[in-house]
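Asks: Sharing a structure here in structure tokens format.
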């Protein structure tokens with residue numbers, strides 16, 4: 014298993030798993046938002062089953078945003094509800110990434126490119142969470158001096174088996190006393206945020222992450 018920050022894991026073993034079992038997704042469905050041109054309307058494309066499905070009176074948190082940049086329309090996935098975006102604009106770190114739409118205007122995950130600012134926010138968030146997680150702290154005690162791997166919450170692989178690379182979110186370094194080194198989270202480059210086989214990243218189901226990324230009082 015390759016890792017994004019440095020080296021290769023010699024034994025391919027996963028040191029620890031965090032999160033919850035994934036739902037089975039048949040696809041995605043978001044509002045389309047054309048900034049400053051028209052109100053949101055349903056986006057064609059995938060449908061969704063499981064916890065991403067929302068009540069009619071609840072706003073979806075993942076949206077397709079069509080944003081005009083230097084006279085050209087670009088298409089982004091934003092982890093930001095459309096009302097908040099319209100009220101105060103879009104913080105670029107809330108844009109998960111850019112994509113090229115299908116001929117029918119839907120989301121094409123094969124063209125998706127993640128936004129470096131979003132990744133930097135994920136690393137910052139994970140560093141805060143991993144250092145304060147009792148579950149991860151317990152896992153770190155059993156592997157002093159090694160790396161503790163963190164698996165995307167959508168993963169449903171048997172804990173006795175290695176998850177696919179696409180579901181490995183990253184790792185943290187553990188010191189010789191079995192304590193997670195603060196600020197050591199490293200994102201795994203082969204992780205996928207939108208995967209036709211495994212679904213959406215479980216971080217998109219984490220309201221804590223959403224509220225941290227989009228605080229009531231902007232950072």
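Numbering (the numbering used here), first residue to last: 14 to 232. Just so it is clear, CB atoms sit at the ideal spot from N, CA and C, and this is done for glycine as well. Keep in mind that this is a model prediction, so the values were computed, not measured.
Does the beta-carbon distance from residue 191 to residue 134 come in below 8 Å?
Replies: No.
Asks: Decide if the region 163 to 182 is in contact with the region 205 to 217; the criterion is three or more beta carbon pairs, one per stretch, under 8 Å apart.
Replies: The region 163 to 182 vs the region 205 to 217: in contact.
Asks: So is residue 187 buried or exposed if we call it buried at 16+ other beta carbons inside 10 Å?
Replies: By the 10 Å Cβ count, residue 187 comes out buried.
Asks: Need the endpoints of the beta strand (DSSP E) that residue 76 sits in, please.
Replies: From DSSP, the beta strand (DSSP E) with residue 76 extends over 75 to 82.
Asks: Once you ignore the five residues that flank residue 194 on each side, which residues in its own chain have a CB closer than 8 Å to its CB?
Replies: The residues are 185, 186, 187, 188.
Asks: How do the region 108 to 115 and the region 124 to 141 stand: do at least 3 beta-carbon pairs fall below 8 Å, yes or no?
Replies: Yes, they touch.
Asks: May I have the straight-line CA-CA distance separating residue 115 from residue 147, to the nearest angstrom?
Replies: Roughly 43 Å between the two C-alpha positions.
Asks: What is the DSSP secondary structure of residue 228, counted as helix, strand or coil?
Replies: Reduced to three states, the DSSP call for residue 228 is coil.
Asks: Could you pull out every residue in the same chain whose Cβ sits closer than 7 Å to the Cβ of residue 87, ignoring the five residues on either side in sequence?
Replies: Excluding residues within five positions, the ones whose Cβ falls inside 7 Å are 80, 111.
Asks: Within the same chain, show all residues whose beta-carbon is closer than 6 Å to that of residue 216, passing over the 5 residues directly before and after it, in chain order.
Replies: Within the same chain, residue 216 has close Cβ partners 222.
Asks: Could you pull out every residue in the same chain whose Cβ sits closer than 7 Å to the Cβ of residue 198, ignoring the five residues on either side in sequence?
Replies: Contacts found: 136, 139, 140, 143, 183, 185.
Asks: In this structure, does DSSP put residue 140 in helix, strand or coil?
Replies: Helix.
Asks: Would you identify the three-state DSSP class for residue 214, choosing helix, strand or coil?
Replies: Coil.
Asks: Can you check DSSP and say which residues form a bridge with residue 111?
Replies: DSSP output for residue 111 lists 89, 126 as bridge partner(s).
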